[in-house]
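Participant: For the sequence shown, counting from 1, position 33 maps to 21 in the numbering used here; every step adds exactly one.
By construction, the Cβ of each residue, glycine as well, lies at the ideal position given by its N, Cα and C atoms.
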Amino acid sequence: MQTNPGRDTLFGEGTARLPIEAGDPASDSRLFRRCLGLYGTGIAIITTEMEDQRAAVTVNSFASASLDPPLVLWSISRASRSYPLFTNGKRFAVNILASTQMNVSRHFSSKVEDKFADASWSLGEFGSPLLHGCLAHFECETYAQVEGGDHTILIGLVRRASRFEGEPLLFAQGQYSVAYSHPEVSPAPEVGRLTPETSTEGTIIPQIFEAHHLLSAVFDEHRHAEGLDISVARVIACVYDMPGLKTDQVARATYLGQRDTEDALATLVERGMLVSSADGQLILTEAGRHRREAIRTRWQNFQKDQLEGIPEADLRATLRTLSKLIAQNRPAKP
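(1) Roughly how many angstroms lie between the CA atoms of residue 85 and residue 123, to the nearest whole one?
(2) Which residues in the same chain have their Cβ closer than 8 Å to the Cβ of residue 26, if we skip the five residues on either side of it in sequence?
(3) From 10, 31, 30, pick the residue whose C-alpha is nearest to that of residue 21; which is it?
(4) Going residue by residue through the region 28 to 95, where are the continuous alpha helix (DSSP H) segments of at least 4 residues, counting only ones entirely within it?
(5) Within 8 Å, do at least three Cβ pairs link the region 137 to 145 to the region 110 to 117?
(6) Residues bridged to residue 164 by DSSP?
(7) Decide if the region 256 to 270 is in contact with the region 224 to 235; the criterion is three or more beta carbon pairs, one per stretch, under 8 Å apart.
(8) Looking only at its own chain, which residues have a Cβ that is under 7 Å from the Cβ of residue 167, when we skip the five neighbours before and after it?
(9) Helix, strand or coil for residue 132? Go by DSSP, reduced to three states.
(10) Would the beta-carbon of residue 221 fall within 9 Å of that of residue 211?
(11) Contact defined as beta carbons within less than 8 Å: I believe residue 209 pairs with residue 283. What is the distance between those atoms, to the nearest angstrom?
(12) How many angstroms separate the CA atom of residue 135 from the CA atom of residue 144?
(13) Return the chain-ordered list of same chain residues with a C-beta closer than 8 Å to the C-beta of residue 101, the five sequence neighbours on each side being excluded.
(14) Output the distance between the C-alpha atoms of residue 249 and residue 228, rounded to the nearest integer angstrom.
(15) Whose C-beta lies closer than 8 Å to the C-beta of residue 278 among residues of the same chain, with five residues either side of it excluded?
(16) Specify the secondary structure class of residue 201 as computed by DSSP and reduced to three states.
(17) Measure how close the beta-carbons of residue 33 and residue 83 come, nearest whole angstrom, since I'm counting them as under 8 Å.
(18) According to DSSP, residue 264 sits in a beta bridge with which residue or residues?
(19) Closest by CA to residue 273, which one among 4, 285, 260?
(20) Any idea which residues DSSP pairs residue 125 with across the strands?
(21) With DSSP as the reference, label residue 194 as helix, strand or coil.
(22) Around the Cβ of residue 216, are there at least 16 other Cβ atoms within 10 angstroms (buried) or fewer (exposed)?
(23) For the alpha helix (DSSP H) containing residue 256, list its first residue and its last residue.
(24) Using the Cα positions of residue 258 and residue 15, report the straight-line distance between them to the nearest angstrom.
(25) Starting from residue 19 and walking both ways along the beta strand (DSSP E), at which residues does that stretch end?
(26) Given residue 149, which residues of its chain have a CB within under 8 Å of its CB, disregarding the five upstream and five downstream residues?
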């Protein structure tokens, strides 16, 4: 295979890296999904109504297709319960979720029978439900349908587009996230010298998100050393702390989608780290517990290194702030 190592650092690395994993996606669908999951996307909920029946699906396969005429596209699994309503209907709406709507995404991804019963929505001008609080709405007429393997691609002619204030909810590498400026585009301020822009009200939450993602990225080398990716590491920690949970409970507790949770659980089963009882309760094996304890030890050492040099008073103040944010946003137990 011909390679060109490059003569400068414009593209970051001069030599090709070995992949963490590789193979034929036709024979390993989970590998295929894990690779696709590295491409970050926004999250949309597609809604429709036909003959007093409503349907909604959560997707990240939404994209623009044309400006003239204004076309968008998305795909739906043939196995979806909502498949007949979308493919037989003449209209649909695309609801782009805002960063504050993670619970909305999870609700419409669940197996709840009537997903609209507890949702806040109204009927749009062209007959499709529009969810409140979204970042944008695209009200569409079905323009064309294209068969694509186990999915059907729906192309919509946008009849009305609306946008609102806010930031997008994103999904990448099996987890929800928010957008923040790349450090090479927006240089970070010096530690201990807050500028007026960084000290204004409301900037702490983006800083929390940024710190979370940066720390997680740095800790990746420790996960990989234990043979785990972020989704598997999150699931193994959840089952270790709460043995006996079922798959849907693990998906909710880890903030992973149902499919990513199922993939992570299947990986743990294949490696002999997890077993499932007859009624679906999940339990780690001895090998699974040892792996979780190993990654926890790595995390404790990593945390100690990261916090070294930060005054104790600052740490206590940060803990109080985070504890309050968690307490006031944690869903009430049923």
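Facilitator: Let me lay it out:
(1) 6 Å
(2) 160, 161
(3) 10
(4) 71 to 76
(5) no
(6) 159
(7) yes
(8) 155, 156, 158
(9) strand
(10) yes
(11) Wrong, their Cβ atoms sit about 12 Å apart, outside the cutoff.
(12) 15 Å
(13) none
(14) 15 Å
(15) none
(16) helix
(17) 5 Å
(18) 270
(19) 260
(20) 83, 150
(21) helix
(22) buried
(23) 246 to 258
(24) 16 Å
(25) Element bounds for residue 19: not the beta strand (DSSP E) but the alpha helix (DSSP H), 17 to 24.
(26) 58, 124, 125, 126, 127
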